[in-house]
Amino acid sequence: MSPSVERLGLLESVTMPSTYVEHELPNGLRVVCEVMPTVRSAAVAFCARTGSRHEDPHVHGVSHFLEHMCFKGTHKRDWRELTVRFDELGSIYNAYTGKEHTVYYGWVPAERVLAQLELLADLVRPRLPTDEYETERKVILEEIAMAADSFDHRVWAFLHEVAFGAHPLGHEILGEKETIAALPHEHLVGYHARRYAPDNMLLLVAGAIEPEEIFAAAGRYCGQWQRSSNGVPAGAAPEPQLDGVHRLQLEQFQQQSLALIYPSIPYGAADEELTEAFTALFGGSNSRCYWNIVQKGICVQAGAVWLAYQDCGLMVLYADGDAERCEQMLAALREQAEAVCKSGFRPDEVQRVKNHRRTQLALEAENPRTRIMHLIDDVEARGYVRTTDARMAAVDAVSVKALSDHLAAYPVTGEGLLISAGPRVWP
56 MSPSVERLGL LESVTMPSTY VEHELPNGLR VVCEVMPTVR SAAVAFCART
106 GSRHEDPHVH GVSHFLEHMC FKGTHKRDWR ELTVRFDELG SIYNAYTGKE
156 HTVYYGWVPA ERVLAQLELL ADLVRPRLPT DEYETERKVI LEEIAMAADS
206 FDHRVWAFLH EVAFGAHPLG HEILGEKETI AALPHEHLVG YHARRYAPDN
256 MLLLVAGAIE PEEIFAAAGR YCGQWQRSSN GVPAGAAPEP QLDGVHRLQL
306 EQFQQQSLAL IYPSIPYGAA DEELTEAFTA LFGGSNSRCY WNIVQKGICV
356 QAGAVWLAYQ DCGLMVLYAD GDAERCEQML AALREQAEAV CKSGFRPDEV
406 QRVKNHRRTQ LALEAENPRT RIMHLIDDVE ARGYVRTTDA RMAAVDAVSV
456 KALSDHLAAY PVTGEGLLIS AGPRVWP
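In the working numbering, the protein residues as written are 56 to 482.
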């Protein structure tokens with residue numbers, strides 16, 4: 056099995072040869088490796104290209120439910136044996152469900168990487184035991200109840216609901232109480248068979264590894280998985296509604312959250328580093344919002360969040376604070392947005408953000424677990440992997456002019472979509 060090196064865009068590296076190689080099993084499972092010879096550990100992840108945006112309305116929450124059930128036993132191990140085996144390997148492991156994918160990962164000393172791969176491969180082929188199903192349903196219903204008590208969760212869910220409407224991106228990852236309470240076991244089984252097909256999954260490994268050993272192990276542990284018979288639907292593209300005023304009264308909380316929402320780029324677009332730089336310049340440490348809004352006592356926190364999916368992006372400007380200061384918070388947020396769109400950022404501001412971003416990338420490049428997440432993001436959004444040098448080059452390309460051009464293309468001025476959530480019904 057020889058790796059198909061050319062497919063991954065390996066000539067992107069700026070200062071050193073790339074260490075990315077990949078292979079595809081006959082059943083469609085794509086295996087992507089990053090060799091990191093100077094580290095002593097390795098991380099493994101399986102990424103299923105499925106999340107809450109791929110769910111039908113009557114099964115909202117099934118992706119997250121399935122993630123829970125994967126830890127409840129396989130045809131080889133019960134849930135206790137799974138847990139003990141992770142500990143025997145010394146693994147730092149976890150899983151998470153998002154809007155667009157579900158990820159299972161483990162990070163171990165390099166000599167245990169093949170054992171970690173085998174364990175995770177077993178994990179994502181669960182037995183889905185009926186005796187654990189009702190127990191886990193209760194756990195998830197409790198998570199939903201706890202989420203209802205979280206101010207940030209309620210605001211974030213409301214924002215998605217308003218912006219995306221009936222599109223699946225507007226729905227909760229956890230699902231709704233009604234859909235989880237009524238979800239039949241056979242729907243979970245069918246969803247796993249469809250969405251966890253090998254041609255809808257990725258296997259990613261980073262660290263002190265030998266790629267040929269990884270490819271051979273992938274064939275042993277995953278080669279018998281059955282390819283989907285009719286392909287796996289990707290889901291319809293969203294059409295966000297980004298105008299009007301929407302209010303959510305949350306009487307049990309003290310603070311108010313305001314958000315102005317504008318169109319932005321999807322994840323993986325060419326302007327990604329410019330968008331990241333804008334959020335830091337506008338709302339990070341030593342940012343415009345920090346000095347001109349927060350430090351002046353107008354609100355507790357203010358800034359910008361880039362909300363990005365594979366086919367859609369939004370820029371969210373936000374301010375959180377005393378409900379009686381809504382007028383001040385909104386005026387201050389608009390004032391800062393208009394100032395940066397009109398006059399841009401200073402060179403010293405931009406350079407500070409670039410310096411911080413380069414340090415962050417340098418640290419992440421030395422961590423196999425972080426690199427796994429980079430691999431997932433790149434392969435999902437671009438179809439190929441960017442080297443750390445390529446990421447650094449994109450940061451270096453950020454400039455005052457480039458940011459001004461980006462804001463001209465994606466301004467954060469005008470009415471936009473206004474979200475207000477908290478105890479006060481405003482405006």
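Cβ atoms here follow ideal geometry from the backbone N, Cα and C, with glycine treated the same way.
**Prompt:** What three-state label does DSSP hand Glu-89 in the structure shown?
**Reply:** strand
**Request:** Pull up the distance between the alpha-carbon of Thr-334 and that of Val-467, whole angstroms please.
**Result:** 11 Å
**Request:** Name the residue from Val-114, Val-99, Asp-186 and Gly-153 whose alpha carbon lies nearest to the alpha carbon of Asp-133.
**Result:** Asp-186
**With 16 other Cβ atoms within 10 Å as the buried cut-off, status of Asn-149** = exposed
**Asked** CA-CA distance, Gly-438 and Ala-170?
**Response** 28 Å
**Message:** Measuring only the C-alpha atoms, how far is His-130 from Asn-422?
**Reply:** 33 Å
**Request:** Flag this pair as yes or no: are the beta carbons of Leu-258 and Tyr-317 separated by less than 9 Å?
**Result:** no
**Request:** Output the boundary residues of the alpha helix (DSSP H) element that contains Trp-211.
**Result:** 206-219
**Message:** Please give me, in chain order, every unbroken run of the beta strand (DSSP E) with length at least 3 that falls completely inside the segment 107-187.
**Reply:** 147-152 and 157-164
**Request:** Kindly indicate which three-state DSSP category Met-71 falls into: helix, strand or coil?
**Result:** Model confidence at Met-71 stands at a pLDDT of 36, short of 50, so the residue's coordinates are unreliable and nothing is read from them.
**Item:** Residue range of the alpha helix (DSSP H) that includes Gln-356
**Value:** Not the alpha helix (DSSP H): Gln-356 falls in the beta strand (DSSP E), residues 356-364.
**Start-to-end residues for the alpha helix (DSSP H) that takes in Arg-412** = 402-419
**Prompt:** Excluding the five sequence neighbours on either side, which residues of its own chain have a C-beta within less than 7 Å of the C-beta of Gln-356, listed in chain order?
**Reply:** Val-349 and Asp-375
**Message:** Please classify Glu-77 as buried or exposed, where buried requires at least 16 neighbouring CB atoms within 10 angstroms.
**Reply:** buried
**For Val-117 and Ile-228, the rounded distance between their alpha carbons** = 9 Å
**Message:** Could you check whether the segment 195-208 touches the segment 155-168, counting it as contact only if at least three pairs of C-beta atoms, one from each stretch, sit closer than 8 Å?
**Reply:** no
**Asked** Excluding the five sequence neighbours on either side, which residues of its own chain have a C-beta within less than 7 Å of the C-beta of Ser-312, listed in chain order?
**Response** Val-210, Tyr-373, Asp-375, Ala-476 and Gly-477
**Asked** Taking the Cβ atom as the reference point for each residue, do Glu-213 and Leu-303 lie within a distance shorter than 9 Å?
**Response** Residue 213 is actually Phe in this sequence, not Glu. Yes; because the gap between Cβ atoms is below 9 Å, this pair is in contact.
**Message:** Bridge partners for Leu-256 per DSSP, in chain order?
**Reply:** The question names Leu, but residue 256 is Met in the sequence shown. DSSP lists Ala-103 as partners of Met-256.
**Span of the alpha helix (DSSP H), counted from its first residue to its last, around Ser-398** = 381-398
**Item:** Cβ contact check for the segment 322-329 and the segment 391-403: 3 or more pairs under 8 Å
**Value:** no
**Message:** Using C-beta distances below 7 Å, list every residue in its chain close to Cys-354, excluding the 5 sequence neighbours before and after it, in chain order.
**Reply:** Ile-348, Ala-374, Asp-375, Gly-376, Arg-380 and Met-384
**Request:** Determine the direct distance from the alpha carbon of Glu-470 to that of Ala-386, and round the result to whole angstroms.
**Result:** 12 Å
**Validate contact between the segment 438-448 and the segment 278-297 using beta carbons, cut 8 Å, 3 pairs** = no
**Request:** Taking the CB atoms as reference points, tell me whether His-247 and Pro-181 lie closer together than 9 Å.
**Result:** yes
**Collapsed DSSP secondary structure at Pro-223 in the structure displayed** = helix
**Asked** Of the residues His-115, Asp-142 and Ser-459, which one's Cα is nearest the Cα of His-226?
**Response** His-115
**Request:** State the Cα-Cα distance for the pair Ala-464 and Ala-457, rounded to the nearest angstrom.
**Result:** 11 Å
**Request:** Give the DSSP-derived three-state secondary structure of Arg-302 in the structure shown.
**Result:** strand
**Asked** Looking at the unbroken beta strand (DSSP E) that takes in Val-371, where does it start and where does it end?
**Response** 367-377
**Request:** State yes or no: is the C-beta of Val-300 within less than 9 Å of the C-beta of Leu-473?
**Result:** yes
**Message:** Just to confirm before moving on: does the CB-CB distance between Val-87 and Gly-262 stay below 9 Å?
**Reply:** no
**Prompt:** Hey, how far is the Cα of Pro-124 from the Cα of Pro-482?
**Reply:** What sits at residue 124 in the sequence shown is Met, not Pro. Straight-line Cα distance between these residues: approximately 44 Å.
**Item:** Buried/exposed call for Ala-203, threshold 16 Cβ in 10 Å
**Value:** exposed
**Request:** Taking the CB atoms as reference points, tell me whether Ala-98 and Ile-427 lie closer together than 9 Å.
**Result:** yes
**Request:** May I have the straight-line CA-CA distance separating Glu-143 from Ile-269, to the nearest angstrom?
**Result:** 20 Å
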